[in-house]
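One rule links them: number in my numbering = place in the sequence shown (from 1) + 16. Yeah, the Cβ is synthetic: ideal placement off N, Cα and C, and Gly gets one too.
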Amino acid sequence: MISRIILTLRSKAPVILRRNIGVCAPALQKATDPIQQLFLDKVREYGQKSKSAGGKLVEPSPDIERELKNELDKVAQQYGGAAGEDMTKFPEFKFTEPKVDPL
(Lines of atoms letter the chains of each structure in order from A and count residues from 1; the text may use other names and numbers.)
(Lines give C-alpha, C1' and ligand atoms only; values in the text may rest on other atoms or scores of the structure.)
Protein backbone atom coordinates (compact mmCIF):
# COMPACT_ATOMS: atom_id res chain seq x y z
CA MET A 1 0.00 0.00 0.00
CA ILE A 2 2.65 2.50 1.06
CA SER A 3 4.97 1.47 -1.76
CA ARG A 4 2.17 2.11 -4.30
CA ILE A 5 1.66 5.63 -2.91
CA ILE A 6 5.38 6.33 -3.06
CA LEU A 7 5.59 5.10 -6.66
CA THR A 8 2.61 7.27 -7.63
CA LEU A 9 4.13 10.36 -5.96
CA ARG A 10 7.49 9.67 -7.59
CA SER A 11 5.97 9.54 -11.06
CA LYS A 12 3.75 12.64 -10.62
CA ALA A 13 6.12 14.87 -8.64
CA PRO A 14 8.15 16.12 -11.64
CA VAL A 15 4.97 17.11 -13.48
CA ILE A 16 3.64 19.01 -10.47
CA LEU A 17 6.97 20.76 -9.89
CA ARG A 18 7.26 21.72 -13.56
CA ARG A 19 3.77 23.22 -13.54
CA ASN A 20 4.38 25.18 -10.32
CA ILE A 21 7.71 26.54 -11.51
CA GLY A 22 6.20 27.45 -14.87
CA VAL A 23 3.48 29.47 -13.16
CA CYS A 24 5.58 31.04 -10.38
CA ALA A 25 8.71 32.03 -12.32
CA PRO A 26 7.16 34.86 -14.39
CA ALA A 27 5.28 36.13 -11.36
CA LEU A 28 8.48 36.35 -9.32
CA GLN A 29 10.31 38.32 -12.01
CA LYS A 30 7.82 41.18 -12.12
CA ALA A 31 6.98 43.61 -9.35
CA THR A 32 3.41 42.76 -8.41
CA ASP A 33 2.87 45.61 -6.00
CA PRO A 34 2.99 49.28 -7.05
CA ILE A 35 4.97 50.15 -3.92
CA GLN A 36 7.44 47.39 -4.72
CA GLN A 37 7.80 48.74 -8.26
CA LEU A 38 8.35 52.26 -6.92
CA PHE A 39 11.03 50.94 -4.56
CA LEU A 40 12.81 49.16 -7.42
CA ASP A 41 12.65 52.31 -9.55
CA LYS A 42 14.18 54.39 -6.75
CA VAL A 43 16.96 51.84 -6.16
CA ARG A 44 17.83 51.83 -9.86
CA GLU A 45 17.73 55.64 -9.98
CA TYR A 46 20.03 55.87 -6.94
CA GLY A 47 22.41 53.38 -8.57
CA GLN A 48 22.66 55.55 -11.67
CA LYS A 49 23.19 58.71 -9.61
CA SER A 50 25.90 57.10 -7.49
CA LYS A 51 27.76 55.97 -10.61
CA SER A 52 27.62 59.46 -12.06
CA ALA A 53 28.76 61.02 -8.75
CA GLY A 54 32.05 59.13 -8.99
CA GLY A 55 32.34 57.84 -5.42
CA LYS A 56 31.15 60.98 -3.69
CA LEU A 57 27.89 61.61 -1.87
CA VAL A 58 24.75 61.55 -4.00
CA GLU A 59 23.00 64.94 -4.07
CA PRO A 60 24.49 66.27 -0.82
CA SER A 61 23.13 69.41 0.78
CA PRO A 62 25.58 72.05 2.06
CA ASP A 63 24.76 71.02 5.63
CA ILE A 64 25.68 67.39 4.95
CA GLU A 65 28.92 68.38 3.20
CA ARG A 66 29.84 70.61 6.15
CA GLU A 67 29.04 67.83 8.62
CA LEU A 68 31.15 65.35 6.63
CA LYS A 69 34.08 67.80 6.57
CA ASN A 70 33.78 68.36 10.34
CA GLU A 71 33.71 64.61 11.02
CA LEU A 72 36.74 63.98 8.79
CA ASP A 73 38.63 66.81 10.53
CA LYS A 74 37.73 65.34 13.93
CA VAL A 75 38.99 61.89 12.90
CA ALA A 76 42.16 63.41 11.47
CA GLN A 77 42.77 65.26 14.73
CA GLN A 78 42.17 62.11 16.82
CA TYR A 79 44.61 60.04 14.79
CA GLY A 80 47.37 62.60 14.40
CA GLY A 81 46.62 64.18 11.04
CA ALA A 82 46.40 67.85 10.20
CA ALA A 83 43.02 69.59 9.92
CA GLY A 84 42.98 69.64 6.11
CA GLU A 85 44.78 66.34 5.55
CA ASP A 86 43.04 63.57 3.61
CA MET A 87 42.77 60.69 6.09
CA THR A 88 41.13 58.38 3.54
CA LYS A 89 44.39 58.12 1.56
CA PHE A 90 46.96 55.46 2.44
CA PRO A 91 50.13 57.06 3.84
CA GLU A 92 53.30 57.14 1.77
CA PHE A 93 56.39 55.71 3.41
CA LYS A 94 59.91 56.81 2.45
CA PHE A 95 62.80 54.74 3.73
CA THR A 96 66.37 55.87 3.35
CA GLU A 97 69.20 53.44 2.98
CA PRO A 98 71.23 53.39 6.22
CA LYS A 99 74.97 54.00 6.00
CA VAL A 100 76.99 50.99 7.01
CA ASP A 101 80.63 51.38 8.02
CA PRO A 102 82.93 48.83 6.44
CA LEU A 103 84.90 46.67 8.83
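Contact annotation, VAL74 with SER66: C-beta distance approximately 5 angstroms; criterion of less than 8 angstroms satisfied. Every alpha helix (DSSP H) stretch that sits fully inside the segment 51 to 97 and reaches 4 residues is listed by chain position as 78 to 94.
One alpha carbon belongs to LYS105, the other to GLY97, and they sit about 11 angstroms apart.
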